[in-house]
Amino acid sequence: MPVGFVMMCHTALDRAAQVARYWAQSDAPVVIHVDARVPRAAFRQLQDDLADLGNVSFCRRFKCDWGTWSLVAAAQAGAEKMLERHPEVSHVFLASGACLPLRPVAELNAYLDRRPWTDFIESVTTADVGWTVGGLDIERFTLHFPFSWKKRRKLFDRYVNLQRRLGLRRHIPDGLVPHLGSQWWCLTRATLSAILTDPDRPVHDRYFRRVWIPDESYFQTLVRLYGTSIESRSLTLSKFDYQGKPHVFYDDHLQLLRRSDCFVARKIWPQADRLYKTFLAPRAPSLAHTEPDPTKIDRLFSKAVERRLKGRAGLYMQSRFPRKDRENGKTCAQYSIFHGFADIFENFDSWLSKQVTARVHGHIFGPERVEFAGGETLYNGCLTDSVALRDYNPRAFLTNMIWNARGERQCFMFSPRDNQECNWFTATDPNAQISVITGAWAVPLFHSARPFHEVRREAARLQKVEQAHLDILRSMYVKARVRIWTMADFIENPMEPLQTIIDELSPRTARRLTEAPRLVDLTGFGQFLQNLKNQGMQPRLMGDFPMGEDPRPATGRRGRPYLVR
Amino acid sequence: MKTMDGPRDLRAVLKMRDLRAALKMRRRRQRLLWRALRARHALHPVADRTAAIAPGDILAFACLRNEAVRLPHFLAHYRRLGVRHFLVVDNDSTDTTRALLADQPDVSLWHTAAGYKAARFGLDWTTWLQIRHGHGHWCLTLDADEILIYPYWETRPLPALTEWLDAEGRPSFAAMMLDLYPRGPLEAQTYSPGDDPFAVLSWYDAGNYTIVRRAPMDNLWIQGGVRSRVLLDAPRRGPTLTKLPLVRWNRRFVYVNSAHAALPPRLNRVYDDQGGEAPSGLLLHTKFLPQIVQRSAEEKARRQHFADADAFAAYYDRLIASPDLWCPASTRLGGWRSLEARGLMSRGGWI
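Those protein sequence lines, which keep their order, are chains X and C.
For the first sequence, the positions run 1 to 565 when our numbering is used.
For the second sequence, the positions run 1001 to 1351 when our numbering is used.
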């Protein structure tokens, strides 16, 4: 028992003719509906093109507008003609002029022969559909829609709102439970003729004439009255984007379409020569009864939709430049900032790079140059060590650096001497791990040979800068993982905080630290702080350093690496 | 109700400000259109084949000078993409450019000897041609050293893209300029007309671009790349890489500054600011073919390419010295998918 195709055409009639010919020559009768807007000459041309095929006919033409009753009327006319003219047809398949058969008709016939009473139509109750775009589901059935959504959007929206406010509701005819679904279906002769010859059909038609987008609900609702065995899925592979517009298939989708094992796909780009040539070439039907399996395509499409809507976290580029707080990830990967560590430990960066699997940079925001790991002058993505280029847009520099090094964690040193412009950005970035030793900036000053009045002025400046940074790090907006110690506290017991930071940095390779970084010489540091005080400056951020007692770790001699256990 | 007054006043002020900005941009657009209208007198038709333009054809507009070396590949590339007609202004070429173009069946050619800089770097001329011939068409506005690629460009011609953009309701398409360079000194390379330029120019800077959004036109200002890295001293002078080469043209549209930004401002909204990715392509920039070295000497003297020509003397001097722009961090040019993976372009929901 062959399947019959009802084709709804309005553009690319040459392609529609090709497909109709393919079906007709495979002994599947075809009824074509051509939009009444198509010029007479083009329609005549289509008729002439298919004149040699006895099982192709044309039904009454309607002027079709998107989302209106005319589409249902056209489908009804086509289906009526099919049932009347071809009594041998057991299933009717509704297709469009942009559809392309992916498998031979014989395979579809065999598939349907094994399911003689099954209606293939997506039919979902309004409460369960998640895909209605525009937020209208049950309201499609209960409101009035006198204005075109495509041409008079504002009026459409306002009238919907007005009806909601006034509580206007249409009465749904008794016995109907609104269902929605794809407008491309394949119904059995029994179900279809029951729908079309129902004595209540005038009632149904009158009601659906005023429903919004009835082509997605007329057959989908009525099939629930008559269908004996409903498979709620469409045999037509048809994907919609997040705005509800159908996706188009191109030549490069050939393999994807082939592997989907679907019977029919839409929409096909009319110029996709390779698709039409491949799928309309005569082929022997395969005997393996493969089920259609669109999951691969589904996955690809949902990935693309996600890319379109959410984008790649941490990427700033010509077509993705999110406003503040819309970033979906300010940076693309986790990174660590070590504030003050390099001032109190000798060669802290080389020590750190031995402990963790990460790229450890120096002060990348340093005032003289960008201190990339290993003293490099160039880094991934052609970032250079030029301060001018970095300071032109420090934020872009940071996000570029993290993006360019995707797959490798980045660590860098920081201090109040550095460019401070990214402080808010890093503090509010959940990818940042910020560890701060406050007051450590005083150590290089303590070691410097500069005149004391300069040192004093610089100390006051750095303290102010660091205080501003600390205010940010203690604000309620912080999203980064922030840890703050005073220098005095840290020096007293450095191993525990270091262990915590490093465990967090590489959780999978957690191991005990065996070697501490070497502390710089701090003999006389307490006196130095006292001198600053004596000059009228108040060093607040270092913690408690009593004069005379030089700071040193709780165990081991000053300046010597020590072992824990 | 008293508490409501504050914000409402502020809103009214903001609205007024928006309105004022919009009016200002409108006046600017009208002024530019008027300039273009005046500029038509400078154009003299050499070969006018515009009668062959059919509705729906994709058109390419270009203003160029002495590009005989690049043109064969340029024309071949865009013909392959499905450009149906080229409308070209020849700014007084002294090589074989004019003869070459006049012989092409799908090129309409105009000649002018007027100043390039005075004509807004040629934009007044192309804007006039767009008013006259571009209305309702998807129009490419290009330089001879710009090769457009977009997602799937090898398998889907431009009409596939423009039809999709139409369906998405997008009137314009972004394609940032990507400077390509050879490995080794510029002049040590060889390139002859018709060759694939990317056999020579096969390296680029992948991740050193900076972006800011600019009011009031809402356009992005992308800078950076190899020119900022090697050739320029002040990052502020870095080349503007933002481009909107493909627009569904209306005779009321204008480009403001090369094809970097356009009016009305909605044409500049080619990016997503809510975190998503809009579609975009790239203009592969073939500027650094070996001929650039000799040409730089010439351009330095002509002073037609920058508003503040003196500031770019050092830039030309560096180019004249035939530098090696390659560095160990450079990335080798791959297909569009690798460029997309590096975050330089995006298919933005086009599957």
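Virtual Cβ for every residue (Gly too), placed ideally from N, Cα, C.
From a predicted model like this one, the values you see are computed outputs, not experimental measurements.
In its own chain, which residues sit with a C-beta less than 6 Å from the C-beta of Thr290 (chain X), not counting the 5 before and 5 after it? The residues are Asp261.
May I ask you to verify whether the region 1242-1253 of chain C touches the region 350-368 of chain X, counting CB pairs closer than 8 Å and requiring at least 3? Taking a contact to require three or more Cβ pairs closer than 8 Å, the region 1242-1253 of chain C and the region 350-368 of chain X do not qualify as touching.
Between Gly366 (chain X) and the rest of its own chain, which residues show a CB-CB distance below 6 Å, the 5 nearest in sequence each way excluded? Only Asp418 meet the Cβ criterion.
Reference Asn404 (chain X), options C:Gly1349, C:His1137, C:Arg1342 and C:Arg1347, closest by Cα: The residue with the shortest Cα to Cα distance from Asn404 (chain X) is C:Arg1342.
Quick check on this structure: which residue in C:Arg1318, C:Ala1259, C:Leu1140 and C:Ala1144 has the alpha carbon closest to the alpha carbon of Lys1300 (chain C)? It is C:Arg1318 whose Cα lies nearest to the Cα of Lys1300 (chain C).
Among residues of its own chain, excluding the 5 on either side of Leu563 (chain X), which ones have a beta-carbon nearer than 6 Å to its beta-carbon? With a pLDDT of 45 at Leu563 (chain X), under the threshold of 50, the modelled position of this residue cannot be trusted; read the value that follows with caution. Cβ neighbours of Leu563 (chain X) beyond the five flanking positions: none.
So, is Thr1331 (chain C) buried or exposed, given that buried needs 16 or more other C-beta atoms within 10 angstroms? Buried is the call here.
Reducing DSSP to helix, strand and coil, say where Tyr1316 (chain C) ends up. The three-state secondary structure of Tyr1316 (chain C), taken from DSSP, is helix.
So the candidates are C:Ala1119, C:Val1230, C:Arg1026 and C:Gly1281; which of them puts its Cα closest to the Cα of Ser1338 (chain C)? The shortest Cα separation from Ser1338 (chain C) among C:Ala1119, C:Val1230, C:Arg1026 and C:Gly1281 belongs to C:Gly1281.
Return the CA-CA distance between Leu566 (chain X) and Trp441 (chain X), expressed in angstroms with no decimal places. Lying outside 1 to 565, the shown extent of chain X, residue 566 (chain X) is not represented and no answer is given.
Report the neighbours of Val305 (chain X) on chain C: residues whose CB is nearer than 8 Å to its CB, in chain order. Contact note: Val305 (chain X) reaches chain C through Gly1349, using a C-beta cutoff of 8 Å and chain order.
Please determine, among C:Ala1047, C:Leu1246 and C:Tyr1209, the residue with the shortest C-alpha to C-alpha distance to Met401 (chain X). Checking every option, the nearest Cα to that of Met401 (chain X) belongs to C:Tyr1209.
Tell me which residues share the same chain as Pro1045 (chain C) and place their Cβ nearer than 6 Å to its Cβ, disregarding the 5 neighbours each side in the sequence. Residues Trp1110 of the same chain have their beta carbon placed closer than 6 Å to that of Pro1045 (chain C), with the five preceding and five following residues left out of the count.
Start and end of the beta strand (DSSP E) containing Asp1179 (chain C)? For Asp1179 (chain C), the uninterrupted beta strand (DSSP E) segment begins and ends at Ser1172 to Asp1179.
Using 8 Å as the threshold, is the region 452-470 of chain X in touch with the region 529-540 of chain X, meaning 3 or more CB pairs across them? Yes, they touch.
What residues from the region 298-328 of chain X come within 8 Å of chain C, judged by C-beta to C-beta, listed N to C? Listed by position, the residues of the region 298-328 of chain X near chain C (Cβ gap below 8 Å) are Leu300, Phe301, Ala304, Val305, Arg307, Arg308, Leu309, Lys310, Gly311, Arg312, Leu315, Tyr316, Met317, Gln318, Ser319, Arg320, Phe321, Pro322, Arg323, Arg326, Glu327 and Asn328.
Measuring alpha carbon to alpha carbon, tell me which residue in X:Gly78, X:Arg511 and X:Leu162 is nearest Gln355 (chain X). For the residues X:Gly78, X:Arg511 and X:Leu162, the minimum Cα distance to Gln355 (chain X) belongs to X:Arg511.
If you reduce the DSSP assignment to three classes, tell me which class Cys1063 (chain C) lands in. It is a strand residue.
When the distance is taken between beta carbons, is Gly1275 (chain C) closer than 8 Å to Glu327 (chain X)? Gly1275 (chain C) is positioned such that its CB atom lies closer than 8 Å to that of Glu327 (chain X).
Reducing DSSP to helix, strand and coil, say where Met1004 (chain C) ends up. The predicted model places Met1004 (chain C) with a pLDDT of 42, which falls under 50 and marks its position as unreliable; any figure quoted below should be read in that light. In the structure shown, Met1004 (chain C) adopts helical secondary structure according to DSSP, grouped into three states.
Contact set between the region 259-275 of chain X and chain C, restricted to residues whose Cβ is under 8 Å from the partner: Result list: Trp269 and Gln271.
I want to verify the contact list: residues of chain C whose CB lies under 7 Å from the CB of Thr11 (chain X), in sequence order. Neighbours of Thr11 (chain X) in chain C, taken as residues at a C-beta separation under 7 Å, are lacking, since the least C-beta distance is about 11 Å.
Pull the bridge partners of Asp119 (chain X) from the DSSP assignment, please. Under DSSP, Asp119 (chain X) takes part in a beta bridge, and its partners are X:Ile230.
Output the distance between the C-alpha atoms of Gln183 (chain X) and Asp215 (chain X), rounded to the nearest integer angstrom. Near 6 Å, if we compare the C-alpha coordinates of Asp215 (chain X) and Gln183 (chain X).
Indicate the three-state DSSP secondary structure (helix, strand or coil) for His1041 (chain C) in the structure shown. His1041 (chain C) falls in the helix class under three-state DSSP.
Name the chain C residues that come within less than 7 Å of His247 (chain X), Cβ to Cβ? Residues of chain C whose Cβ lies closer than 7 Å to the Cβ of His247 (chain X) are, in chain order, Ile1351.
Can you tell me whether Met317 (chain X) is helix, strand or coil according to DSSP? Note: Met317 (chain X) maps to strand in three-state DSSP.
Measure the alpha-carbon distance for Thr428 (chain X) versus Leu398 (chain X) and round it to whole angstroms. Pairing Thr428 (chain X) with Leu398 (chain X), the inter-Cα distance amounts to about 14 Å.
Buried or exposed for Ser475 (chain X), please, with buried defined as at least 16 other CB atoms from any protein chain shown within 10 angstroms of its CB. Residue environment analysis places Ser475 (chain X) among the exposed positions, since fewer than 16 neighbouring C-beta atoms fall within 10 angstroms of its C-beta.
Could you give the DSSP three-state label for Phe576 (chain X): helix, strand or coil? With chain X covering 1 to 565 only, the question about residue 576 (chain X) has no answer from this structure.
C-beta neighbour in chain C for Thr384 (chain X), strict 8 Å: At a cut-off of 8 Å between beta carbons, Thr384 (chain X) contacts chain C.
Use the C-beta contact count for His171 (chain X): other C-beta atoms within 10 angstroms, 16 or more gives buried, fewer gives exposed. It counts as exposed.
Any Cβ of chain C within less than 8 Å of the Cβ of Asn419 (chain X)? Taking CB atoms only, Asn419 (chain X) has no neighbour in chain C less than 8 Å away.
For Met413 (chain X), write down the residues that DSSP places opposite it in a beta bridge. In DSSP, Met413 (chain X) forms a bridge with X:Phe338 and X:His363.
What's the C-alpha gap between Pro546 (chain X) and Leu529 (chain X)? Counting only the Cα atoms, Leu529 (chain X) lies some 9 Å from Pro546 (chain X).
Leu1142 (chain C) bridges to which residues according to DSSP? Answer is C:Ala1062, bridged to Leu1142 (chain C).
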